[in-house]
Structures are given as structure tokens and as C-alpha cells.
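Here is the structure we will look at, set down as C-alpha cells.
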Amino acid sequence: RDNSNAIDDNGFITLTGGFILQWGYFTSGVMTTKAVTFPMEFPNKCANVQLTGYDSTDSGGFSDDTGIYVLPTTTGFTASVESGLERIYWLAIGN
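Read left to right, the sequence shown gives residues 34 to 128 (my numbering).
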């Protein structure tokens, strides 16, 4: 496995068996789309991307809509953010 980027805010790790995990975050604003390029291109396929939003002012009563706007490719994805989230963290898996 390759741990060379395991601690960075945006990075990747190659696991035994060929699975690759990649992660990162981006800042957002209200009603925006954001194209994200993976730190490393997946050799074959990106199987899934998960998004988690962060809002320091949210007291638990707000609805923040965030999702994949353009399906993931081996090089990245586009997210749609329809809220005031400050950061969107993402995690991608593939091979």
C-alpha cells in the first residue's frame, strides 16, 4: 500500500487488492456547483463518492441539500450545494 499522501487534507491511499480511497474537501457557498478533481486518477473506475457537509452555525434545525451533480468519472465529479454549508468533505472509492 502507498501511504505517501495518507495525512494530507486531500489525498489517497492504495489498499491491498487494488482498492483506492481518495478524500478531500472544498469550500462552498449558497446555490453553487463545484467540480472536484481527484488527487490521483482511478486506473479503472470510481465506484462511489460520499459527501458530508459542515456548517458551524447549524443548530440542528436546517436542511442542507448537497449531492452529486455530475456522475463520478475516473478523474473527478461535480457536486451541487444548495445551502450555506462552509465545507463539503468527500470520500471516493474505486480501483
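Where is the CB? At the ideal position from N, CA and C, for every residue including glycine.
Selected residue, minimal CA-CA separation from residue i, among the options
i: I40; options: Q55, G51, R120; result: Q55
i: I121; options: T60, G51, T106; result: T60
i: T111; options: V69, L118, I53, G86; result: V69
i: T99; options: T90, T85, T108, G109; result: T85
i: E119; options: G127, P76, F45, S89; result: S89
i: I53; options: D42, T66, F71; result: F71
i: T108; options: W123, N43, M73; result: M73
i: S113; options: N77, G44, G127, Q83; result: Q83
Outcome for residue i when other beta-carbon atoms lying within 10 angstroms are tallied against a minimum of 16
i: V103; result: exposed
i: P105; result: buried
i: G50; result: exposed
i: L48; result: exposed
i: A80; result: exposed
Beta bridge counterpart(s) of residue i as assigned by DSSP
i: Y122; result: Y58, T85
i: T99; result: V114
Residue i beta carbon near the ligand FAD (any heavy atom closer than 7 Å)
i: V82; result: Among the components of this structure there are no ligands whatsoever, and the ligand FAD is therefore not found.
Chain B contact for residue i (CB, 8 Å cutoff)
i: G127; result: You won't find chain B in this structure, because it holds only one protein chain.
Rounded Cβ spacing between residue i and residue j (contact assumed at less than 8 Å)
i: N77; j: N128; result: 5 Å
Quiz item: Considering only residues of the segment 34-89, which uninterrupted beta strand (DSSP E) runs meet the minimum length of 3 residues and lie entirely inside it, listed in chain order?
Solution: Counting only runs of 3 or more residues that sit fully inside the segment 34-89, the beta strand (DSSP E) segments are 44-47, 53-60, 65-70, 79-87, in chain order.
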